[in-house]
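Structure record follows, encoded as structure tokens.
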Amino acid sequence: MQLRVAERVGRLRWIFLPLGLCALTAVGAHAAADVVGDRVLWCVDRVSAFFDAVFASWSVTAPLVDLVGLSQRSFFARALALAWELSADALIAIPLLGYDERDGKTELRTARALLRKTPTPLRLVRPLATVLVAIAGACSVARMVQGSVQLTLHASLLSHFAAACALFALLLVFVPRAGFRALEHADQKGHLVATGVFGTLVLAPMMLAALYASPLVSFFR
Amino acid sequence: MRRLAPIELLLAALCLWAGWYHTPAGALVRTAGAWIFRTHSTARPLLAYYGAGVYQPHAAPPPLLTAPVPPAQALGYGAWATAEHLGTPAALSARIKALAARLDGVDEAAMLALFCGEEPARYALTRAQDEDGSPRLEDLARALPPRSADCIAQASQALAQAGAYALAWPLPESIRITSPFGMREHPVLGIRRLHAGVDLGTAVGTPVRATAAGVVRRASSDGVNGRILVLDHGRGVTTMYCHNDELLVQDGEHVRRGQVISYSGNTGRSSGPHLHYQLDLGGQAVDPLRYRAGHPRISSAGAAD
Numbered sequence: 527m528q529l530r531v532a533e534r535v536g537r538l539r540w541i542f543l544p545l546g547l548c549a550l551t552a553v554g555a556h557a558a559a560d561v562v563g564d565r566v567l568w569c570v571d572r573v574s575a576f577f578d579a580v581f582a583s584w585s586v587t588a589p590l591v592d593l594v595g596l597s598q599r600s601f602f603a604r605a606l607a608l609a610w611e612l613s614a615d616a617l618i619a620i621p622l623l624g625y626d627e628r629d630g631k632t633e634l635r636t637a638r639a640l641l642r643k644t645p646t647p648l649r650l651v652r653p654l655a656t657v658l659v660a661i662a663g664a665c666s667v668a669r670m671v672q673g674s675v676q677l678t679l680h681a682s683l684l685s686h687f688a689a690a691c692a693l694f695a696l697l698l699v700f701v702p703r704a705g706f707r708a709l710e711h712a713d714q715k716g717h718l719v720a721t722g723v724f725g726t727l728v729l730a731p732m733m734l735a736a737l738y739a740s741p742l743v744s745f746f747r
Numbered sequence: 003m004r005r006l007a008p009i010e011l012l013l014a015a016l017c018l019w020a021g022w023y024h025t026p027a028g029a030l031v032r033t034a035g036a037w038i039f040r041t042h043s044t045a046r047p048l049l050a051y052y053g054a055g056v057y058q059p060h061a062a063p064p065p066l067l068t069a070p071v072p073p074a075q076a077l078g079y080g081a082w083a084t085a086e087h088l089g090t091p092a093a094l095s096a097r098i099k100a101l102a103a104r105l106d107g108v109d110e111a112a113m114l115a116l117f118c119g120e121e122p123a124r125y126a127l128t129r130a131q132d133e134d135g136s137p138r139l140e141d142l143a144r145a146l147p148p149r150s151a152d153c154i155a156q157a158s159q160a161l162a163q164a165g166a167y168a169l170a171w172p173l174p175e176s177i178r179i180t181s182p183f184g185m186r187e188h189p190v191l192g193i194r195r196l197h198a199g200v201d202l203g204t205a206v207g208t209p210v211r212a213t214a215a216g217v218v219r220r221a222s223s224d225g226v227n228g229r230i231l232v233l234d235h236g237r238g239v240t241t242m243y244c245h246n247d248e249l250l251v252q253d254g255e256h257v258r259r260g261q262v263i264s265y266s267g268n269t270g271r272s273s274g275p276h277l278h279y280q281l282d283l284g285g286q287a288v289d290p291l292r293y294r295a296g297h298p299r300i301s302s303a304g305a306a307d
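Residue numbers (this note's numbering), protein chains in the order written: chain A, 527 to 747; chain B, 3 to 307.
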């Protein structure tokens with residue numbers, strides 16, 4: 527009976543596994559973009575101060591200084607974070623929808639072969655970013671599980687256990703698959719160098735932010 | 003592998019649930035779905051997903067004050083300005099104080115407890131401490147599930163308004179306001195536009211003081227705002243001081259309440275010596291006089307920008 531249920535669910539893996547991987551990475555990208563909001567605002571402030579100094583020098587461009595006031599800077603910082611996150615989604619989350627499962631040994635063998643190829647930055651940045659962002663996503667999902675269990679069932683131990691289980695399972699089952707698919711996708715022909723450079727520019731800071739958004743140890747305290 | 007399928011399905015469902023409610027990408031999909039099926043979407047505006055969903059623009063100005071706000075009751079006034087029906091400022095202050103005493107003395111957690119309940123606030127505080135995060139409202143909000151979004155937004159508005167009520171004044175109260183907050187004809191450009199702060203007509207070289215403790219977010223100079231200082235006081239409260247003659251602090255420096263941060267001047271696009279003082283709550287310019295019962299006299303004669 528149990529096996530029959532597993533078998534029936536297993537027939538749907540082709541749809542829920544890619545969707546789950548994509549969602550996990552999207553959650554991680556949001557966690558990473560959100561956690562460095564203060565730094566994004568700091569960057570926007572610096573750029574705005576620079577342009578204010580330049581534009582205010584001429585009467586024709588001076589009105590542009592008022593156009594981007596203090597309030598607009600907060601808006602721009604958030605809009606920049608949104609654009610950054612959606613770009614990361616397009617670069618690393620959407621390709622995961624193309625995940626096509628093979629057995630574990632084949633996946634491992636393929637991954638090894640892909641890693642042995644010339645390790646250019648363009649080839650390695652995406653898989654590395656995908657893994658780090660997926661880990662940040664796993665932490666976010668675990669945190670939501672913990673919060674929901676705690677505030678629904680009012681059971682602290684159970685919520686801790688549920689969060690730790692969700693985190694462990696995601697790290698074990700989903701994160702390696704996301705990394706494998708990203709490695710495979712990065713190796714596919716047809717990627718323009720320009721796209722790769724853009725990807726690296728978007729994903730390199732995203733990797734650092736993802737590290738910052740992954741409080742792994744906190745779930746086991 | 004297939005035996006793990008139910009677990010994988012559960013994990014995928016958790017990821018989709020988190021993505022659906024917790025990310026701007028999920029909000030986009032929800033909005034598109036609602037548009038296609040002609041239903042109502044509950045997704046928030048895309049930019050409201052940042053800063054852990056706190057510091058959203060304020061909908062209505064706070065009620066007018068009849069008496070000065072005692073500094074110790076600023077939190078109560080902030081809660082009262084956000085939700086008048088909860089009680090009087092004095093009663094709310096006492097409630098917040100009692101809640102803070104039970105929540106490690108953290109005001110942010112106390113305000114969260116007032117709007118979301120004590121258990122969620124206690125849980126969020128523990129979680130933020132586990133993550134070694136500071137107990138800022140953003141850190142507390144990140145620990146709560148998506149269904150708490152509305153009460154988090156209320157708590158953040160209350161904290162921001164409390165921050166505004168607690169502000170001091172940058173110059174002596176005897177200095178007149180030469181141009182108040184609001185729509186006006188610009189004295190230099192001659193066009194009608196919003197004046198996002200108040201102009202205080204004062205002589206060049208008058209010491210300007212920080213209205214609250216904070217961090218210098220910007221100390222720069224340009225031909226429009228002159229020598230400009232922007233202070234971030236936390237909890238979504240930011241103040242700006244323009245047309246200074248000399249700045250005494252630098253980017254990133256921490257300042258105390260009442261510390262002299264600059265000398266007022268007549269730099270930038272200005273019709274005479276004055277200080278342009280601006281208050282922003284959650285990224286939106288508000289009238290600083292709404293948060294003060296007694297304020298300097300307003301006079302139409304004098305310098306402005």
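All residues carry an ideal CB built from backbone N, CA and C; glycine is no exception.
Which whole-angstrom value is the C-beta distance of Arg178 of chain B and Gly203 of chain B, which I expect to be below 8 angstroms? Rounded, the Cβ-Cβ distance is 6 angstroms, consistent with contact.
DSSP bridge partner residues for Ala287 of chain B (one or two, in chain order): Answer by DSSP bridge pairing, in chain order: B:Asp282.
Any beta carbon from chain A within less than 8 angstroms of Tyr52 of chain B's own beta carbon? With respect to chain A, the C-beta atom of Tyr52 of chain B has a partner C-beta closer than 8 angstroms.
Examine chain B for any beta-carbon lying closer than 8 angstroms to the beta-carbon of Val701 of chain A, and answer yes or no. Chain B, which has no Cβ nearer than 8 angstroms to the Cβ of Val701 of chain A, makes this no.
Rounded to a whole number of angstroms, what is the C-alpha to C-alpha distance between Met732 of chain A and Gln131 of chain B? In this structure, the straight-line span from the alpha carbon of Met732 of chain A to that of Gln131 of chain B is close to 25 angstroms.
Taking beta-carbon pairs under 7 angstroms, can you tell me which members of the region 584–608 of chain A lie near chain B? Here the close residues are Ala588, Val591, Asp592, Gly595, Leu596, Ser597, Ser600, Phe601, Arg604, Ala605, Ala607, Leu608.
Report the rounded CA-to-CA distance for Trp568 of chain A versus Ser95 of chain B, giving the unit in angstroms. When rounded, the distance between both Cα atoms is 34 angstroms.
Residue span of the beta strand (DSSP E) that contains Arg243 of chain B, given as start and end: In the sequence on display, residue 243 of chain B carries Tyr and not Arg. Annotation: the continuous beta strand (DSSP E) that includes Tyr243 of chain B extends over 239–249.
For Leu742 of chain A, count neighbouring Cβ atoms within 10 angstroms of its own Cβ and tell me buried if that reaches 16, exposed if not. Burial call: exposed.
Listed by chain order, chain A residues near Tyr2 of chain B by CB distance under 9 angstroms: The displayed coordinates of chain B run from 3 to 307. Any statement about residue 2 of chain B would go beyond what the structure contains.
Interfacial residues, the region 727–745 of chain A to chain B, with Cβ spacing under 9 angstroms: Per Cβ criterion, the list reads Pro741, Val743, Ser744, Phe745.
Kindly list, in the order they appear in chain A, the residues whose Cβ is closer than 8 angstroms to that of His24 of chain B. Chain-ordered, the chain A residues with CB closer than 8 angstroms to the CB of His24 of chain B read Val553, His556, Ser666, Met670.
How many Å lie between Asp134 of chain B and Trp37 of chain B at the Cα? Inter-residue distance for Asp134 of chain B and Trp37 of chain B is about 41 angstroms (C-alpha atoms, whole angstroms).
Answer yes or no: the CB of Pro209 of chain B versus the heavy atoms of the ligand ATP, is any distance below 7 angstroms? The ligand ATP is not part of the structure shown, which contains no ligands of any sort.
Give me the Cβ distance between Val553 of chain A and Val667 of chain A, rounded to the nearest whole Å; I'm assuming they're in contact under 8 angstroms. Correct: roughly 6 angstroms between the Cβ atoms.
For Val56 of chain B, which three-state DSSP category applies? DSSP, read as helix, strand or coil, puts Val56 of chain B in coil.
Since Val531 of chain A meets chain B, which of its residues come closer than 8 angstroms, beta carbon to beta carbon? Those are Pro8, listed as they occur along chain B.
Rounded C-alpha distance that separates Thr636 of chain A from Gly630 of chain A: Near 10 angstroms, if we compare the C-alpha coordinates of Gly630 of chain A and Thr636 of chain A.
Can you give, in chain order, each stretch of the alpha helix (DSSP H) that sits fully within the region 571–627 of chain A and has at least 4 residues? Look at the region 571–627 of chain A and you find these whole runs of alpha helix (DSSP H), each 4 residues long or longer: 589–593, 596–614.
Quick one, which residues of the region 609–626 of chain A are near chain B if we go by CB-CB under 8 angstroms, in chain order? Cβ contacts with chain B: Glu611, Leu612, Asp615, Ala619.
Starting from the beta carbon of Leu543 of chain A, find every residue of chain B whose beta carbon is closer than 7 angstroms, and list them in chain order. Neighbours of Leu543 of chain A in chain B, taken as residues whose beta carbon is under 7 angstroms from its own, are Glu10, Ala14 in chain order.
Would a C-beta distance cut-off of 8 angstroms place Ala558 of chain A and Val659 of chain A closer than the cut-off? In this structure, Val659 of chain A lies closer than 8 angstroms to Ala558 of chain A by Cβ.
Only counting the same chain, and skipping five residues up and downstream in sequence, which positions put a Cβ closer than 7 angstroms to that of Tyr625 of chain A? So the list reads Leu543, Pro544, Leu547, Arg703, Arg707, once near-sequence residues are dropped.
Name, in chain order, the residues that DSSP records as bridge partners for Tyr265 of chain B. Here Tyr265 of chain B is bridged, per DSSP, to B:Pro209, B:Glu248.
One or two residues paired with His256 of chain B in a DSSP bridge: According to DSSP, which records beta bridges pairwise, His256 of chain B is partnered with B:Val217.
Check the Cβ-Cβ distances between Gln286 of chain B and every residue of chain A, and say whether any is below 8 angstroms. Yes - at least one Cβ of chain A is within 8 angstroms of the one on Gln286 of chain B.
Beta-carbon proximity of Thr726 of chain A to Pro653 of chain A, cut-off 8 angstroms: With respect to Pro653 of chain A, Thr726 of chain A sits apart: the two C-beta atoms are not nearer than 8 angstroms.
Are the C-beta of Ala27 of chain B and some C-beta of chain A separated by less than 8 angstroms? Ala27 of chain B counts as touching chain A.
Which residue wins for smallest C-alpha separation from Thr269 of chain B, given the options B:Ser223, B:Tyr293, B:Gly238? It is B:Ser223.
Under a three-way DSSP split, which group does Leu173 of chain B fall into? It is coil, neither helix nor strand.
Using 8 angstroms as the limit for Cβ to Cβ distance, is Val562 of chain A near chain B? The beta carbon of Val562 of chain A does not come within 8 angstroms of any beta carbon belonging to chain B, so the residue lies off that interface.
Report the residue ranges of all alpha helix (DSSP H) runs contained in full by the region 44–113 of chain B; include only those spanning at least 4 residues, in chain order. Here the runs fully enclosed are 76–84, 91–104.
How should Glu611 of chain A be labelled, buried or exposed, when 16 other C-beta atoms within 10 angstroms of its C-beta is the threshold for buried? Glu611 of chain A should be labelled buried.
DSSP puts Gly236 of chain B in a beta bridge; with which residues? Paired residue(s): B:Val239.
Of all the options A:Ile618, A:Phe602, A:Ile661, which has the alpha carbon lying nearest to the alpha carbon of Leu729 of chain A? The shortest C-alpha separation from Leu729 of chain A is found at A:Ile618.
Below 8 angstroms on the Cβ atoms is my contact criterion, and I expect Ile230 of chain B with Cys244 of chain B to pass it. Report the Cβ-Cβ distance as a whole number of Å. That belief holds up - the Cβ atoms of Ile230 of chain B and Cys244 of chain B are roughly 5 angstroms apart, short of 8 angstroms.
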